[in-house]
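Note sheet for the following structure.
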Amino acid sequence: MSNAASAGPRYLERADFDRLLEALAARGYTVIGPRVEAGAIVYDELATSAELPIGWGDEQDGGRYRLRRRGDAALFGYNLGPATWKRFLHAPRVKLLEAVRDADGRLRFERVPAPQPRRAFLGVRACELAAIGVQDRVLVGGEHVDPHYAAQRESLFLVAVNCGQAAATCFCASMQTGPRAHSGHDLALTELIDAQRHAFLVEAGSAAGAELLEELPTRAASADEVASATAAVTRAATGQVRHMEQAGIRDALYDELEHPRWDDVANRCLSCANCTMVCPTCFCTTVEDVTDLSGDHAERWRRWDSCFTLDFTHLHGGPARTSAKSRYRQWLTHKLAGWHDQFGESGCVGCGRCITWCPVGIDITEEVGALRAAPEPSASGD
Amino acid sequence: MLPRVFSVAARHVETADTFTLELVAEDGAGLAFAPGQFNMLYAFGRGESAISISGERAAPHRLVHTIRAVGTVTQALAELVPGAQLGVRGPYGTAWPLAAARGRDVVFVAGGIGLAPLRPAIIEVLAARRDYGRVVLLYGARTPDDVLYAEEIAQWRARGDIEIHVTVDAAGADWRGNVGVVTQLVRRADFDASDALAMLCGPEIMMRYTVLELGHAGMAPADVHVSLERNMKCAIAFCGHCQYGPEFICRDGPVFPYDRVARWFDAREL
Amino acid sequence: MEIHDLGQYLAHHPFFTGLAPDYLALLNGCAGNVNFAAGETIFSQGGTAEHFYLLRDGRVALEFPHPAGNGVVIDTLDAGDVLGASWLVAPYRWPYDARALAPTRALALDAVCLRDKCDADPVLGYDLSRRFAAIIVERLHAAELRLTDMYANPAPAAGGANGIAGRG
Numbered sequence: 001m002s003n004a005a006s007a008g009p010r011y012l013e014r015a016d017f018d019r020l021l022e023a024l025a026a027r028g029y030t031v032i033g034p035r036v037e038a039g040a041i042v043y044d045e046l047a048t049s050a051e052l053p054i055g056w057g058d059e060q061d062g063g064r065y066r067l068r069r070r071g072d073a074a075l076f077g078y079n080l081g082p083a084t085w086k087r088f089l090h091a092p093r094v095k096l097l098e099a100v101r102d103a104d105g106r107l108r109f110e111r112v113p114a115p116q117p118r119r120a121f122l123g124v125r126a127c128e129l130a131a132i133g134v135q136d137r138v139l140v141g142g143e144h145v146d147p148h149y150a151a152q153r154e155s156l157f158l159v160a161v162n163c164g165q166a167a168a169t170c171f172c173a174s175m176q177t178g179p180r181a182h183s184g185h186d187l188a189l190t191e192l193i194d195a196q197r198h199a200f201l202v203e204a205g206s207a208a209g210a211e212l213l214e215e216l217p218t219r220a221a222s223a224d225e226v227a228s229a230t231a232a233v234t235r236a237a238t239g240q241v242r243h244m245e246q247a248g249i250r251d252a253l254y255d256e257l258e259h260p261r262w263d264d265v266a267n268r269c270l271s272c273a274n275c276t277m278v279c280p281t282c283f284c285t286t287v288e289d290v291t292d293l294s295g296d297h298a299e300r301w302r303r304w305d306s307c308f309t310l311d312f313t314h315l316h317g318g319p320a321r322t323s324a325k326s327r328y329r330q331w332l333t334h335k336l337a338g339w340h341d342q343f344g345e346s347g348c349v350g351c352g353r354c355i356t357w358c359p360v361g362i363d364i365t366e367e368v369g370a371l372r373a374a375p376e377p378s379a380s381g382d
Numbered sequence: 383m384l385p386r387v388f389s390v391a392a393r394h395v396e397t398a399d400t401f402t403l404e405l406v407a408e409d410g411a412g413l414a415f416a417p418g419q420f421n422m423l424y425a426f427g428r429g430e431s432a433i434s435i436s437g438e439r440a441a442p443h444r445l446v447h448t449i450r451a452v453g454t455v456t457q458a459l460a461e462l463v464p465g466a467q468l469g470v471r472g473p474y475g476t477a478w479p480l481a482a483a484r485g486r487d488v489v490f491v492a493g494g495i496g497l498a499p500l501r502p503a504i505i506e507v508l509a510a511r512r513d514y515g516r517v518v519l520l521y522g523a524r525t526p527d528d529v530l531y532a533e534e535i536a537q538w539r540a541r542g543d544i545e546i547h548v549t550v551d552a553a554g555a556d557w558r559g560n561v562g563v564v565t566q567l568v569r570r571a572d573f574d575a576s577d578a579l580a581m582l583c584g585p586e587i588m589m590r591y592t593v594l595e596l597g598h599a600g601m602a603p604a605d606v607h608v609s610l611e612r613n614m615k616c617a618i619a620f621c622g623h624c625q626y627g628p629e630f631i632c633r634d635g636p637v638f639p640y641d642r643v644a645r646w647f648d649a650r651e652l
Numbered sequence: 653m654e655i656h657d658l659g660q661y662l663a664h665h666p667f668f669t670g671l672a673p674d675y676l677a678l679l680n681g682c683a684g685n686v687n688f689a690a691g692e693t694i695f696s697q698g699g700t701a702e703h704f705y706l707l708r709d710g711r712v713a714l715e716f717p718h719p720a721g722n723g724v725v726i727d728t729l730d731a732g733d734v735l736g737a738s739w740l741v742a743p744y745r746w747p748y749d750a751r752a753l754a755p756t757r758a759l760a761l762d763a764v765c766l767r768d769k770c771d772a773d774p775v776l777g778y779d780l781s782r783r784f785a786a787i788i789v790e791r792l793h794a795a796e797l798r799l800t801d802m803y804a805n806p807a808p809a810a811g812g813a814n815g816i817a818g819r820g
């Protein structure tokens, strides 16, 4: 992928960071990056590095999220907020088509062209990069291609940022999706900050990335600097306290559809659907057909949906999945087991958002551990 | 993914809540499909509904859909009169395994509206009758008034080369046919279970017990095919609604060999 | 296949598969051939259950009669089926009518004769009870399946007062 690799990692001073933003703007990209808003890290447009979450870190655990002051001026010293890049690529509301009925009752359908913004994502974590790859496989990697997603994906410049620390909810090491950005990025940054320096190791991941990198005031990184960056990423990996065993997980879960643990988690799950909203790979949508007052113009809209709603499996007699247990089981088994059958990989990237943002702190790593550790005795039968 | 515009050419009442629409495309092109597949029918301003195709594959210019009014969209489709227009997207989904059935006995088992998705397969088998062994149709309906395609069934019966048993759950005194549940008809049918292919369509509970009966009769699960149904919004495996275990019913089904879905069939609330 | 005597028919009927030849001979003594014309009543609701029948050919409808004339047929039986279980359990009364829908030939087994023989020989009694239990359970399951009303339209308001027949 990157023959820019021949250039080796480059060293960019903090003072020159805005040159990166300027270079992106000069290429017509709208830069979307992390900002602090209402006590959380969210993704929105930004123009200068001053708008980044300077000096902010986060503390996360099951059902808990707090920003905290780090005591330094790190630009990317937090881990993850509730926002995902998915709301830009797989938009929450999309108009699919318009329909017109004339006075004679004749119908006409009109396609709605998908907007094709030119965007740069700044601050994409390795798990998020992996999640974009997972959604690529679902939405543009199969027999049908989602034109709206494809259009958003088309002119996208990705600046990944490798993690130097892990949140308590992270488990990307288990999922082999991070903390280091593998592929799919145009540039990857690793922040180096201590008493002596504040700088970034920058590596190109694509030809477009290499080309932009050449414009920035960088020098070749020294072996020491590369080692520091590697050490930071290693710390982020070894510092993870949550794990999820992946070997044989597909069969392990599908063999345990009647495990009593599902009832146990169902007693705690509120079916609030937070997990599906913050999950960067969840892709389910629904369609709504609406007409205007005249009754002659109709629109079909697509919007995000969640398998936790009762309506999700509505058939004429009622929902196919009525109990909270069946809906939780659907979400977990689809994400961790069914996805393998459907797309040849796991649907989970180990970002841990579902753990943080679950109001009752349900931890999927713990649930999976319980489902795998004490399998249902096979004697009972029916 | 834009629907094609079709017009209603004819409309027939089948039963109190079921009707058939014959549709022709505004652009004049036909809609080529394989028996077992379905379309998404769009009623202006109301929405779409997944409806199996009930016509003949050999007559793609006449699109036939038998529809039961069970909700908002199908109610709106019930109100369409000849000349009215609607949207059609498709065809989608997997087909009945007619090629694999050649040279073997064929058993069709239908329950209620389930005869509608089987009709194209039955017509095609009868049109190439010599390509198949014994052919059996077992059909269960609620009452004699709910029997679909009654006249056509009589014509099929009159051919003499297809064994047909129709049963109803209950009947009035003037009904001369069977009364009982359709699963009980399996035992009555004449076919070689070791060299037959079965195609089932109807309420899931009916298919579940029919599968059991066919198993008792000696059929292998891989030779029994079922047509499943779940909530569908997109029909192209994007919206996620129709998932059944790891299967997308819109793309990996609706027709499945039973051995592929057996473990999901037994699970509750999947 | 042509059955030349009752004994042979009894012996070959699937209901009696595996019954010892001695018992078959015993039951033969309780059996007789009967014929019903199409439309003929075999037994009526409330009547004493004096026989059970092994149908040889034809078709029989089981019907709950209604004074207004619109009775409901809840089951039909064909060649090879067993008709009648009420002879087994007091008060030995038929719960519904049985009517031949087509010319029907059957083997009738006398209830009193059978019950006496079963009382006298519990081994025979147990064997016959097991055979009947199998038939009754199967019919019960079939009836229960019909009770789920699986073909019913889940949206009964669909179609409105005139159904969908009033349009177009």
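Chains as they are written, first to last, in the working numbering: chain W, 1 to 382; chain R, 383 to 652; chain L, 653 to 820. For every residue, glycine included, the Cβ atom is placed at its ideal position computed from N, Cα and C. Values in this document were obtained by computation on a predicted structure and should not be read as measured data.
First through last residue of the alpha helix (DSSP H) which encompasses residue i
i, result
"SER323(W)", "Here SER323(W) belongs to no alpha helix (DSSP H), and DSSP marks it neither H nor E."
"HIS447(R)", "No alpha helix (DSSP H) holds HIS447(R); the beta strand (DSSP E) holding it covers 445-450."
"HIS259(W)", "It is not in any alpha helix (DSSP H) - HIS259(W) carries neither H nor E in the DSSP assignment."
"GLN135(W)", "126-139"
Residue i - DSSP class collapsed to helix/strand/coil
i, result
"ASP605(R)", "helix"
"PHE157(W)", "strand"
"CYS632(R)", "coil"
"THR400(R)", "strand"
"PRO502(R)", "helix"
"ASN722(L)", "coil"
"PHE76(W)", "coil"
"ASN384(W)", "Beyond the ends of chain W as shown, which are 1 and 382, falls residue 384(W); an answer cannot be given."
"GLN196(W)", "coil"
"GLY475(R)", "coil"
"ILE787(L)", "helix"
"LYS615(R)", "coil"
"LEU530(R)", "coil"
"PHE620(R)", "coil"
Contact under 8 Å by Cβ, residue i with residue j
i, j, result
"GLU715(L)", "GLY723(L)", "yes"
"GLY386(W)", "ASP363(W)", "With chain W covering 1 to 382 only, the question about residue 386(W) has no answer from this structure."
"THR635(L)", "ASN560(R)", "Because chain L is modelled from 653 through 820, residue 635(L) falls outside the range shown and cannot be assessed."
"HIS144(W)", "ASN613(R)", "no"
"THR454(R)", "ARG471(R)", "no"
"THR356(W)", "THR169(W)", "yes"
"PHE109(W)", "GLY469(R)", "yes"
"ILE132(W)", "TYR78(W)", "no"
Burial state of residue i, where buried means 16 or more other Cβ atoms lie within 10 Å
i, result
"VAL31(W)", "buried"
"PHE17(W)", "buried"
"THR383(W)", "The structure shown does not extend to residue 383(W), since chain W is modelled only from 1 through 382, so no value can be given for it."
"LEU780(L)", "buried"
"ARG303(W)", "exposed"
"HIS607(R)", "buried"
"ASP674(L)", "exposed"
"ASN162(W)", "buried"
"PRO53(W)", "buried"
"ARG118(W)", "exposed"
"ASN687(L)", "exposed"
"VAL789(L)", "exposed"
"ILE587(R)", "exposed"
Endpoints, the beta strand (DSSP E) within which residue i is located
i, result
"GLY33(W)", "30-37"
"HIS297(W)", "297-304"
"ARG711(L)", "711-716"
"PHE283(W)", "It is not in any beta strand (DSSP E) - PHE283(W) carries neither H nor E in the DSSP assignment."
Touching by the beta-carbon criterion (3+ pairs, under 8 Å), the stretch 274-281 of chain W and the stretch 336-352 of chain W
yes
Would you call the stretch 697-714 of chain L in contact with the stretch 744-762 of chain L, where contact means no fewer than 3 C-beta pairs closer than 8 Å?
yes
Quick test of the definition: if touching needs 3 or more C-beta pairs under 8 Å, does the stretch 505-520 of chain R touch the stretch 487-495 of chain R?
Output reads yes: the stretch 487-495 of chain R touches the stretch 505-520 of chain R.
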